[in-house]
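J.:
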Amino acid sequence: MRNFSQVDVFSSEPLLGNPVAVVHDADAISDEDMAAFARWTNLSETTFLLTPTTDEADYRLRIFTPGQELPFAGHPTIGSAHAWLEAGGVPRTEGALIQECGAGLVRLRRGERLAFAGPPFIRSGEVSEEDRERIVRALRIDPSQVRDLEWIDNGPGWVGVLLDSADEVLALEPDWSVAASMDIGVVGPYPDGSECAVEVRAFCPGMGIVEDPVTGSLNAGVAQWLAGDRLPASYVASQGTVLGRRGRVFIDREGDTVWVGGDARTTVSGTVGLGE
Numbered sequence: 000m001r002n003f004s005q006v007d008v009f010s011s012e013p014l015l016g017n018p019v020a021v022v023h024d025a026d027a028i029s030d031e032d033m034a035a036f037a038r039w040t041n042l043s044e045t046t047f048l049l050t051p052t053t054d055e056a057d058y059r060l061r062i063f064t065p066g067q068e069l070p071f072a073g074h075p076t077i078g079s080a081h082a083w084l085e086a087g088g089v090p091r092t093e094g095a096l097i098q099e100c101g102a103g104l105v106r107l108r109r110g111e112r113l114a115f116a117g118p119p120f121i122r123s124g125e126v127s128e129e130d131r132e133r134i135v136r137a138l139r140i141d142p143s144q145v146r147d148l149e150w151i152d153n154g155p156g157w158v159g160v161l162l163d164s165a166d167e168v169l170a171l172e173p174d175w176s177v178a179a180s181m182d183i184g185v186v187g188p189y190p191d192g193s194e195c196a197v198e199v200r201a202f203c204p205g206m207g208i209v210e211d212p213v214t215g216s217l218n219a220g221v222a223q224w225l226a227g228d229r230l231p232a233s234y235v236a237s238q239g240t241v242l243g244r245r246g247r248v249f250i251d252r253e254g255d256t257v258w259v260g261g262d263a264r265t266t267v268s269g270t271v272g273l274g275e
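If you count by numbering that gives the first Met the number 0, then the sequence shown holds residues 0 to 275, one letter each, in order.
#1: Please look up how many angstroms separate the CB atoms of residue 178 and residue 230, rounded, as I've assumed it's under 8 angstroms.
#2: Which ranges would you report for the alpha helix (DSSP H) in the segment 162 to 223 if only whole runs of at least 4 residues count?
#3: Which whole-angstrom value describes the C-beta separation of residue 42 and residue 18, a residue pair presumed to lie in contact below a C-beta threshold of 8 angstroms?
#4: State the CB to CB distance for the pair residue 23 and residue 72, rounded to an integer number of angstroms; the pair is presumed to be in contact (CB under 8 angstroms).
#5: Once the 5 residues before and after residue 50 are set aside, which same chain residues still bring their CB inside 7 angstroms of it?
#6: Straight-line CA distance for residue 188 to residue 137?
#7: Can you tell me which of 200, 248 and 186 puts its alpha carbon nearest to the alpha carbon of residue 210?
#8: Spatial neighbours of residue 126 within its chain, please: CB distance less than 8 angstroms, with the 5 preceding and 5 following residues excluded, ordered by chain position.
#9: In chain order, what residues of the same chain have a beta carbon less than 8 angstroms from the beta carbon of residue 256, not counting five sequence neighbours either side?
#10: Quick check: residue 44 and residue 75, are their CB atoms within less than 8 angstroms of each other?
#11: If you measure between the beta carbons of residue 216 and residue 154, is that distance less than 8 angstroms?
#12: By how many angstroms is the C-alpha of residue 212 removed from the C-alpha of residue 0?
#13: Taking residue 4 as the reference, give the member of 228, 208 and 78 with the closest Cα.
#14: For residue 236, which residues from the same chain have a beta carbon less than 7 angstroms from its beta carbon, with the 5 sequence-adjacent residues on both sides left out?
#15: Rounded to whole angstroms, what is the Cα-Cα separation between residue 261 and residue 174?
#16: Identify the continuous alpha helix (DSSP H) that holds residue 38 and give its terminal residues.
#17: What's the C-alpha gap between residue 259 and residue 11?
#18: Which residues does DSSP list as the beta-bridge partners of residue 83?
#19: Does DSSP put residue 126 in a helix, a strand or coil?
#20: Enumerated in chain order, which unbroken segments of the alpha helix (DSSP H) with a length of 4 residues or greater are wholly contained in the segment 43 to 102?
#21: Considering Cα atoms alone, identify which of 89, 273, 57 and 38 is closest to residue 65.
#22: Using a 10 Å radius around the Cβ and a threshold of 16 neighbouring Cβ atoms, would you call residue 220 buried or exposed?
#23: Using DSSP's beta-bridge definition, name the partner residues of residue 236.
#24: Would you grab the beta carbon distance between residue 264 and residue 232 for me? Rounded to a whole angstrom, and I think it's under 8 angstroms.
#25: Does DSSP put residue 142 in a helix, in a strand, or in coil?
#26: How would you label residue 182, buried or exposed, when you count the other beta carbons within 10 angstroms and need 16 or more for buried?
#27: Buried or exposed: where does residue 132 fall if 16 or more other Cβ atoms within 10 Å of its Cβ makes it buried?
#28: With a cut-off of 8 angstroms on the beta carbons, I'd call residue 30 and residue 274 a contact; round off their distance for me.
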C-alpha cells in the first residue's frame, strides 16, 4: 500500500478549488497502472511522486488526465508539491523547490502560498484562420467579440482567447462537437476595482475533460501573454465560477518570469494499493 493524498488547489475555502489525486513513492508503478488509476479517480489530473533522475530536482512528477499523460500542468504542480512537503519532503534549497517533469525542471517558491514559475511556451503566436474559425464556432460567439487569439501552449496545448469582459466569458456555452480536439482557454476582464482582474475558463475536451475548474498552466500562459501589457503585472484571476467553485490564482510577473501561486489543502489522505 502507498500513501495517497487528495489536495484541493487554488482556493482558501474548503472544497471550492480544483482537486488533484497524488500517489506517493510511485517508482514501482507501471505506466498502465498509472493511466488506469487516473481514469478511475476521474479527476482532471492524477499525479505520481517519484525519485528524481537529476541531482538538481527535489522530486519527479508524472501527471495524468483521464485520457493522457501531460508533460506539465499547474494545479497538479502546486498540489503535489504541497503533498510532498506535508509527507516530510525536505527541499535541497530553503524556500524553494525544483520539480522534475516531462516539461523539464520547474521552479517553485514557498511564501504565503506555493507558486511555480511558468515554463516557456512550446508553441506561441498566430493561430491559423482555419483554427480561428473553428474556435469561434466552438465557443458560439461572434468573431467581433474576439479581442485577441494566440497559441499559449506550455505543455497541455492551450490556445488563448481574449474577450471584452468577464460577463462574456461566464456566458459561454461551447459546442463540444466542434471543439473536440482542442484545448481552449478564454479570459475576460472584470471592471476596474473588482476583487479579481479577470475571469478565466478552460475548455479541454482534448484532455478528456469538458471544463477544468481551476487551471494553473492556462493561467501561466495567459499571464505570459497578457501580464504587464493588457493586464497588470500582478493580479488575481477568478476561475471555476460557472462550476460552483471559487478558484483564485495569484499572478506576479517579474521580468520574463511569471509566478503562478495558489492556496492548497489536503482534503483526503490514506493509502492506495498500486504496484503491489
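Positions of the beta carbon are idealized from the N, C-alpha and C atoms, including for glycine.
T.: With the structure as the only source:
#1: Not a contact, Cβ separation roughly 25 angstroms.
#2: 165 to 169 and 175 to 178
#3: 6 angstroms
#4: Actually they do not touch by this definition, with Cβ atoms about 18 angstroms apart.
#5: 26 and 59
#6: 21 angstroms
#7: 200
#8: 134, 148, 149, 150 and 158
#9: 116 and 117
#10: yes
#11: yes
#12: 30 angstroms
#13: 78
#14: 195, 196, 197, 199, 218, 248 and 250
#15: 30 angstroms
#16: 30 to 40
#17: 15 angstroms
#18: In DSSP, residue 83 forms no bridge with anything.
#19: coil
#20: 73 to 85
#21: 38
#22: buried
#23: 197 and 248
#24: Contact doesn't hold; Cβ gap of about 28 angstroms is too wide.
#25: helix
#26: buried
#27: exposed
#28: About 11 angstroms separates the two Cβ atoms, so there is no contact after all.
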